[in-house]
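Trainee: Mind looking over this structure? Questions follow.
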Amino acid sequence: MINKSWETVKKFNEKDVIEFAKLTGDNNRIHTDLEYAKNSIFGNTVVHGMFVASLFSKVFGKIFPGEGSIYLKQDLKFIFPVFVGDKIKARVTLKKFEQKNFNGVFECICLNQNDEKVVIGSALIKFPRDFKYN
Numbered sequence: 785m786i787n788k789s790w791e792t793v794k795k796f797n798e799k800d801v802i803e804f805a806k807l808t809g810d811n812n813r814i815h816t817d818l819e820y821a822k823n824s825i826f827g828n829t830v831v832h833g834m835f836v837a838s839l840f841s842k843v844f845g846k847i848f849p850g851e852g853s854i855y856l857k858q859d860l861k862f863i864f865p866v867f868v869g870d871k872i873k874a875r876v877t878l879k880k881f882e883q884k885n886f887n888g889v890f891e892c893i894c895l896n897q898n899d900e901k902v903v904i905g906s907a908l909i910k911f912p913r914d915f916k917y918n
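If you want it as structure tokens, here you go:
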């Protein structure tokens, strides 16, 4: 299972970005105001980096290791902006598993539709106690 990967894909739309801004209180106009963002260094509205990185949570909580897993730590680096309309693939790869404490270390990568890395990092996840490592 070491070096095996799991992933999810999401296309980010304006409605979702505005909802994320409302939920977090991060209403920075670079995320929510196209006219403002057109005059920025990006030239377009940018999806919140933490919204993009939240895709990892979906993988860990619903795909692998799945129900009952607990996020313990996350390190992230935002490499390239994600724009409204971008299709992002979040991939996690198991790098280490500690049987005695049920902790797994994962490499985390988000790629855009052009296969460019937009977010990289690592995560420490507590596996459910009933998990059977093969």
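Just so we're aligned: 894 in this note's numbering is position 110 of the sequence shown, and the numbers increase by one with no gaps anywhere.
Ideal placement from N, C-alpha and C gives every residue a C-beta, glycine not left out.
Please check the pair Val868 and Glu791, which I expect to be a contact at CB under 8 Å, by giving their CB distance rounded to whole angstroms.
Mentor: Residue mapping note: residue 868 aligns to position 84 of the sequence shown, counting from 1. Residue mapping note: residue 791 aligns to position 7 of the sequence shown, counting from 1. Going by Cβ atoms, the distance from Val868 to Glu791 rounds to 21 Å, so no, they are not a contact pair.
Trainee: Work out the CA separation of Val876 and Lys847 for me, nearest whole Å.
Mentor: The residue given as residue 847 occupies position 63 in the sequence shown. The residue given as residue 876 occupies position 92 in the sequence shown. A small fix is needed here, since residue 847 is Ile in this sequence, not Lys. Using only the alpha carbons, I get a separation of about 10 Å.
Trainee: Between the Cα of Lys873 and the Cα atoms of Ile863, Asn887, Lys795, Arg913, which residue gives the shortest distance?
Mentor: Counting from one through the sequence shown, the residue named residue 873 turns up at place 89. Comparing Cα positions, the closest option is Lys795.
Trainee: Check for me: the alpha helix (DSSP H) holding Asp800 runs from which residue to which?
Mentor: Translated into positions along the sequence shown, residue 800 becomes position 16. Its alpha helix (DSSP H) spans residues 798 to 808.
Trainee: Measuring CA to CA, which of Gly852, Arg913, Ile909, Phe835 is closest to Leu807?
Mentor: Residue mapping note: residue 807 aligns to position 23 of the sequence shown, counting from 1. When only C-alpha atoms are compared, the closest one is Phe835.
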